[in-house]
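Take the sequence shown: its letter number 485 is residue 1022 in the working numbering, and every next letter is one higher. Presented below is the structure to which this report refers.
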Amino acid sequence: MTISHLSEVSAILGLPGGGVVTTGRDLIIRVNHPNGTQNRALMDITSVVTNLALVDNGQTMLAMTESGKVFVYSTANWTLEDEVTLSSEGMIHSMAVLSDGRIAMGTHNGHLHIINGTDYSEIDHFSNIGNIVGIHEVGPNSFLALASFIGSSQVILFDVDTDGDGVVDSDDLFPTDPTQQVDADGDGYGDNQLGNNPDVWPADPSQWADSDGDGRGDNADGTNGDQFPNNADQHTDSDGDGYGDNSLGLNGDFFPNDPSQWFDSDGDGLGDNLEGTNPDDCPNSPGDSHIDRNGCPDSDDDGYSDATEDFPACSALAPNGADRYPIDPTQWCDTDQDNYGDNLTGNKPDWCPAEWGNSTRGIYFDTGENRYVTVQRFGCPDRDGDGYEDSGEHDGLTDWSTDPNEWVDSDRDGVGDNSDWDDLDPTVATEEEYCAKHPDDYAVCSNVYVPTNVTEDPEEELDPSEKRNQLMKEFLIYGGGIGVGLIAAILILWGLIGLIRTTMAKRSPDAQYSHQDATKELQADEEGEEFSTRGGITQEKGWEGEALG
């Protein structure tokens, strides 16, 4: 049994745990323990309480009065936390806590109030509906109100229009957005194109927005999805590298199927990303080099790039360097830097690519022809500068590599061919030896064989013209007709001797064919020029007023 009130009880409420709250017309609210003893007596109310209710999971108690006031108590310590007066100031006969936390209260004078369940402010109210004696929620944002009139009663369905757009919440798919009410495809975006968050594709549940206006939905996984929702130039990225397949558009991919490449700044077909597939080593300079570097200028199209300040030409210090010969497609590297290329099948190939050299030719013995022959040999050591490589100037007997005037000894007699009076006879080296073996070679040996037992004849000091004149005189004096024939024979013999002498001019020391002539011959042959050399016919002799030949 609880402590009684001085007048009739107007409302009663059971508490969790067995306690009981009672109130009466004595304007006292009594909080009783489960055993009936009084816990508290609350004396804040100013009019008769018509209804008591627990809200907020039992942490708050509402006391509603005949004057339209609502007293809010904390059940933790039973202190008064708030006091609210309804706008109608009607006697509160009914209340219900709705599922969304709002509170509906009905009054005797035909008003229905909707109260915020957090701060207890009034959200909305309805009027002229009779004495509301009961409220029952039937669904989200809708409830039934039992209204009593004189001689009759009605059950009224209340459906809330929270956003005030004219569509009740039960029919409004966007109850808090007055600009949207319908969502035909159920994707959560309203069909009203002029409202908030409109659905650009109201019949496609996979798409709703097109931020860049390119006709494709922002949802990349939806129908005709746009992988670049803010870039009207792009919508697809086949290789997933973040750059669009449209190479001509903003952030376009020049390599749409290669996730490691996307840009080609110089337009040579190679990607700028050095870490990607087939990268361009010269991304800002178009080129088709592909051996030492990719995509760099290659003037002679041999696959090797033209050298630059930061990428030097191929050498011993840079074996993988650029083209040493940028305008010669047959050469590209010069390891020993002697200006002859390493490629043996190219122009002016270096036969000693790892050793500096200045030779242009070499000499070797051809067993098939049984003679020494001269061949092209660029870039090998040539210590004496005669144009012949040193290795070919050794014959087992003599080393000609330090003699600029000799390079071969054909007859192996120890005398070089340029000095040897007979290149093919090892027993002949000097003029004396030659004349001893060829005494009938008057043109060459006339100065060698001078009679030692003949008294000096003044006529021998005469020149050829004077000798002829002298012979004419002697003929007129002594010879007569026979002398004329003899003189004619002598003159003919004299002319033949002069002709033989000119053909043997090679034996004269001033007509030797030197290494300088050999070098000139090679260079002229290489450069397509004519060349001249020493030797040949050094003197022409004949009758006065006549030319030989």
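All C-beta atoms in this analysis are idealised placements derived from N, C-alpha and C, irrespective of residue type, glycine included.
Return the bridge partner residues of K606 from the DSSP annotation. For K606, which the question treats as bridged, DSSP gives the partners T622.
Span of the alpha helix (DSSP H) around Y841: In the DSSP annotation of this structure, Y841 is not part of any alpha helix (DSSP H), being labelled neither H nor E.
How is I1027 classed by DSSP in three states: helix, strand or coil? Three-state DSSP puts I1027 in a helix.
Check whether the stretch 639 to 655 touches the stretch 610 to 620, counting contact only when three or more Cβ pairs, one atom from each stretch, lie closer than 8 Å. Between the stretch 639 to 655 and the stretch 610 to 620 there are fewer than three inter-stretch CB-CB distances shorter than 8 Å, so the stretches are not counted as touching.
Please determine, among R577, L564, L811, the residue with the shortest C-alpha to C-alpha distance to T583. For the residues R577, L564, L811, the minimum Cα distance to T583 belongs to L564.
How should P849 be labelled, buried or exposed, when 16 other C-beta atoms within 10 angstroms of its C-beta is the threshold for buried? Exposed, because fewer than 16 other Cβ atoms sit within 10 Å of the Cβ of P849.
Contact defined as beta carbons within less than 8 Å: I believe G654 pairs with S625. What is the distance between those atoms, to the nearest angstrom? Going by Cβ atoms, the distance from G654 to S625 rounds to 19 Å, so no, they are not a contact pair.
Label I908 either buried or exposed according to how many other C-beta atoms from any shown protein chain fall within 10 Å of its C-beta, with 16 as the threshold for buried. Sequence check: residue 908 is Arg here, not Ile. R908 should be labelled exposed.
Starting from E674, follow its DSSP beta bridges and name the residues at the other end. Note: E674 sits in a beta bridge opposite F680.
Is it true that the stretch 738 to 758 meets the stretch 704 to 712, where meeting means three or more beta-carbon pairs spaced less than 8 Å apart? With fewer than three CB-CB distances shorter than 8 Å, the stretch 738 to 758 does not count as touching the stretch 704 to 712.
At the level of alpha carbons, what is the spacing between D724 and L731? A direct Cα-Cα distance of roughly 17 Å separates D724 from L731.
Quick one: using the 10 Å Cβ neighbour count with 16 as the cut-off for buried, is F1012 buried or exposed? At F1012, the pLDDT of 47 sits below 50, so the modelled position is not reliable; the number obtained from the coordinates is stated separately. It is buried - the Cβ of F1012 has at least 16 other Cβ atoms within 10 Å.
Would you identify the three-state DSSP class for K1043, choosing helix, strand or coil? For K1043, the predicted structure reports a pLDDT of 39, less than 50, and the residue's modelled location is therefore unreliable. The matter cannot be settled from this model.
Below 8 Å CB to CB, which residues in the same chain sit around N729 once its five sequence neighbours on both sides are set aside? Cβ neighbours of N729 beyond the five flanking positions: T716, Q717, Q718, V719, P735.
By DSSP, does D741 sit in helix, in strand, or in coil? Reduced to three states, the DSSP call for D741 is coil.
List the endpoints of the continuous beta strand (DSSP E) containing Y780. Counted as a single uninterrupted DSSP element, the stretch harbouring Y780 is not any beta strand (DSSP E), since DSSP gives it neither H nor E.
Give me the Cβ distance between G916 and W937, rounded to the nearest whole Å; I'm assuming they're in contact under 8 Å. About 19 Å separates the beta carbon of G916 from that of W937, a gap too long to meet the 8 Å contact definition.
Cβ-heavy atom distance, P820 to the ligand COA, below 6 Å: Among the components of this structure there are no ligands whatsoever, and the ligand COA is therefore not found.
Strand pairing of V910, partner residues [DSSP]: Bridge partners of V910: Y901.
Taking the Cβ atom as the reference point for each residue, do G762 and Q771 lie within a distance shorter than 7 Å? Contact annotation: G762 and Q771 have beta-carbon atoms that are not nearer than 7 Å.
Measuring CA to CA, which of W745, R830, E603 is closest to A721? Nearest C-alpha to A721: W745.
Spatial neighbours of A757 within its chain, please: C-beta separation below 7 Å, excluding the five flanking residues on both sides. So the list reads D763, Q764, once near-sequence residues are dropped.
S928 (DSSP reduced to helix, strand or coil): If DSSP states are grouped into helix, strand and coil, S928 belongs with the helices.
Taking buried to mean at least 16 other C-beta atoms within 10 Å of its own C-beta, is A891 buried or exposed? It counts as exposed.
Measure from the alpha carbon of D696 to the alpha carbon of each residue in S690, V546, G676, then state which is nearest. Of S690, V546, G676, the smallest CA-CA separation from D696 is found for G676.
Spatial neighbours of F680 in its chain, beta-carbon cut-off 7 Å, leaving aside the 5 residues before and after: For F680, where only same-chain residues beyond five positions count, the Cβ hits under 7 Å are A633, L635, A641, I672, H673, E674, F695.
Contacting residues, own chain, Cβ-Cβ under 7 Å from S570 (five flanking each side not counted): Correcting the residue identity first, residue 570 is His in this sequence and not Ser. Correct list, in chain order: G556, N576.
Go ahead and label D709 buried or exposed: buried means 16 or more other beta carbons lie within 10 angstroms of its beta carbon, across all protein chains shown. It is buried - the Cβ of D709 has at least 16 other Cβ atoms within 10 Å.
Could you check the C-alpha separation between D950 and D932 for me, to the nearest Å? Roughly 11 Å separates the two Cα atoms.
Measure the CB-CB distance between I549 and T559 and report whether it falls below 7 Å. Taking 7 Å as the cut-off, the beta carbon of I549 is found closer than this to the beta carbon of T559.
Cα-Cα separation, D865 to D803: In this structure, the straight-line span from the alpha carbon of D865 to that of D803 is close to 25 Å.
Roughly how many angstroms separate the alpha carbons of L552 and G627, rounded to a whole number? Per the coordinates, the alpha-carbon of L552 lies some 27 Å from the alpha-carbon of G627.
Could you please give me the residues that DSSP links to H662 through a beta bridge? DSSP lists H650 as partners of H662.
What is the DSSP secondary structure of V952, counted as helix, strand or coil? Reduced to three states, the DSSP call for V952 is coil.
Can you name the start and end residues of the alpha helix (DSSP H) that V546 belongs to? Taken as a continuous stretch (DSSP letters only), V546 belongs to no alpha helix (DSSP H), being part of the beta strand (DSSP E) at 546 to 551.
With a threshold of 16 other CB atoms inside 10 Å of the CB of N831, please say whether the residue is buried or exposed. Under the 10 Å beta carbon count, N831 is surrounded by 16 or more other beta carbons and is classified as buried.
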